[in-house]
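Enquirer: Take a look at this one; I'll ask things after.
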Amino acid sequence: MNFIKGGVKLKESKEELVKLLEDMLVIREFETKVQKHFAEGEIPGFVHLYLGEEAVAVGACSALKEDDFITSTHRGHGHLLARGGDLKKMMAEIFGKATGYNKGKGGSMHIADVSLGILGANGIVGAGLPIAAGSGISAQILDKDSVTICFFGDGASNRGTFHEAINMASVWDLPVVFVCENNLYGISMPQYTNDHRKGQNIQDVSDRAVAYGISGVTVDGNDVMAVNEAVVEAVKKARSGGGPSLIECKTYRHRGHFEGDPTVYRSDEEVERWKEKDPIDRFVKILKDQEILDDEGYKELRNEVKGRVEEALQFAQESPEPDPSEVTTDVYYGGAE
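Letter 334 of the sequence shown, counting from 1, is numbered 334 in UniProt numbering, and no numbers are missing.
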């Protein structure tokens, strides 16, 4: 890809670039609706929102082919939507309804759709890492050219699963791209501050790539094109037998770790500074500066997205609750027999 200062020098078509914006807007609107209705008591369980990190999921997933895979996290709505997850099924699952992806049994953190290459969100921090390695092994054994993107956070990079999965992937040259979404906090623990170390003794998670002899790079996670460029190159390398890569995307979550988190560990001023780097606002400006999108076109796109998400919300609200008689269905092999 070619870039110019202040924007993109387009190798992509206008339609492809507008699609990147559309996908980010879908995530933003979806998460905004979830935030509102969770606060109103309509959504059970825990919710971890992706607001502010949209450029990572969209930039990464847009680099994949139809038969590729992703593994996700507890903050996974954005990944699943960027990969093409069904808005209605996702919203219904989050609302705990029978029409959801997991028939209301999984909720926000356990949505999966293998037909789309979505190997599952996961409530366990770092659990997607070994699953991604397993997916890479499968591709090798079956002699397929599929690639797996593994999303994980900076907190997960301090867990054993991170080191185990990347070590195995590097030894066997597995076709896996490890994408660290570094939103600077592992729950309430800052990863690294200028005055003292908190969660780890390095500023860039990508530095750890050298320990495993693989490529490592840090990019601006609020720049959808920067993310896409890095992941496109890593996917190309993995697909051609070049093995795994580690890509760190520096970003920031607008909300707390979970909805209801009082976020006493960070200041309002810090949050506002990062909101000034909002990935959607930045990309809209680029598209307008490049005369790819005007105010009217942006308004129409936003309204279309809002309408689709509103339909998904109504579908979820009007869907039935799971039947108690099916409590063991799809949970235990053979049901309750």
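The beta carbon of each residue, even a glycine, is placed where N, CA and C say it ideally should be.
(1) DSSP on P322, reduced to helix/strand/coil?
(2) Can you tell me whether DSSP reads L17 as helix, strand or coil?
(3) Considering only their Cβ atoms, is the gap separating V147 from L64 smaller than 8 Å?
(4) Counting Cβ pairs, one atom from each stretch, are 3 or more of them under 8 Å apart for the stretch 211-222 and the stretch 21-30?
(5) Taking all protein chains shown into account, do 16 or more other C-beta atoms lie within 10 angstroms of the C-beta of N102, making it buried, or fewer, making it exposed?
(6) What alpha helix (DSSP H) runs, 4 residues minimum, are completely inside the stretch 133-195?
(7) Does the Cβ-Cβ distance between P244 and I166 come in under 8 Å?
(8) Please classify V125 as buried or exposed, where buried requires at least 16 neighbouring CB atoms within 10 angstroms.
(9) Let's see if you can read the secondary structure: which residues bound the beta strand (DSSP E) around F69?
(10) Could you tell me if Y332 is buried or exposed, where buried requires 16 or more neighbouring beta carbons within 10 angstroms of its beta carbon?
(11) Who are the Cβ neighbours of H74 in its own chain at under 6 Å, not counting the five residues just before and after it?
(12) Can you tell me whether D154 is buried or exposed, with buried defined as 16 or more other CB within 10 angstroms of its CB?
(13) Whole angstroms are fine: how far does the CA of H37 sit from the CA of A60?
(14) Find the nearest neighbour of residue 352 within the set L25, D68, D207, A55, judged by alpha-carbon distance.
(15) Contact between the stretch 85-100 and the stretch 305-315: three or more CB pairs below 8 Å?
(16) Pick out whichever of T328, E164, L184 has its Cα sitting closest to the Cα of R255.
(17) Alpha carbon to alpha carbon, what distance is there between A156 and V26?
(18) Need the endpoints of the alpha helix (DSSP H) that G59 sits in, please.
(19) Using a threshold of 8 Å, state whether the C-beta atoms of L81 and I111 are closer than that.
Expert: Taking the coordinates as given:
(1) coil
(2) helix
(3) yes
(4) no
(5) buried
(6) 160-171
(7) yes
(8) buried
(9) 69-71
(10) exposed
(11) H48, M109, G123
(12) buried
(13) 28 Å
(14) Nothing about residue 352 can be reported from this structure: the residues present for the chain run from 1 to 337 only.
(15) yes
(16) L184
(17) 26 Å
(18) 54-61
(19) no
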